[in-house]
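S.K.:
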C-alpha cells in the first residue's frame, strides 16, 4: 500500500509524518486490497479559525472503484481522524459487499444454466 500526502505548506512539517503514520495504522488491515492512498490536507482560511481544516482521502482499491472521503473540522487532526475513520468503514463495507457478491455469483450462474437446459 502506497501512501501519498499533499499537505498545505502553511501547516507544520510534523503534520506529514503524522498523516502517513495515522493512515498506515488506520488502514493496515486492508493492505492487500489497497493499491494507493492519497491524503490532501488544507487549511482553507489560514489562522482565522472556524471549520477551515480539510482532509480529502482518496483510496484506490484493487479491482474496485476508488473511494473519496472529504472531512472539514476546526483542526487538521480532527479532520484527518474523521476522514480516515470514514474511509476505513467504507472500505470494510465495500469489501464485504464484494465478498458477498463473489460467493453468490457462481450459484446464480448454475441456476441460470439449469434453467436454460430445462
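Residue numbers (my numbering): 946 to 1063. For each residue, glycine too, the CB sits at the ideal point set by N, CA and C.
Just to confirm, is the Cβ distance from residue 1044 to residue 1012 under 8 Å?
M.R.: Taking the chain shown and counting its residues from 1, the one referred to as residue 1044 is at position 99. Taking the chain shown and counting its residues from 1, the one referred to as residue 1012 is at position 67. No.
S.K.: Grab me the residues of residue 1021's own chain with a C-beta within less than 8 Å of its C-beta, minus the 5 sequence neighbours each way, in chain order.
M.R.: By one-based count along the chain shown, residue 1021 stands at place 76. If we look at residue 1021 and ignore the five residues flanking it on each side, its Cβ neighbours are 956, 960, 986, 988, 998, 1000.
S.K.: Give the C-beta separation of residue 974 and residue 1003 to the nearest angstrom, bearing in mind that I take them to be a contact with Cβ-Cβ under 8 Å.
M.R.: What you label residue 974 is simply residue 29 of the chain shown in a count that begins at 1. What you label residue 1003 is simply residue 58 of the chain shown in a count that begins at 1. In fact, because the Cβ distance is near 19 Å, the residues do not count as touching under 8 Å.
S.K.: In three-state terms, what does DSSP make of residue 1058?
M.R.: As a working mapping, residue 1058 is identified with position 113 in the chain shown. Because residue 1058 carries a pLDDT of 49, less than 50, the predicted location of this residue cannot be relied on, and no value is offered for it.
S.K.: Am I right that residue 927 and residue 979 are in contact with their C-beta atoms under 8 Å? What's the rounded C-beta distance?
M.R.: Shown here, the chain extends from 946 to 1063; a query on residue 927 therefore has no answer.
S.K.: For residue 1018, name the three-state secondary structure that DSSP assigns.
M.R.: Start at 1 with the first residue of the chain shown, and residue 1018 comes out as number 73. In this structure, residue 1018 counts as strand in the three-state DSSP scheme.
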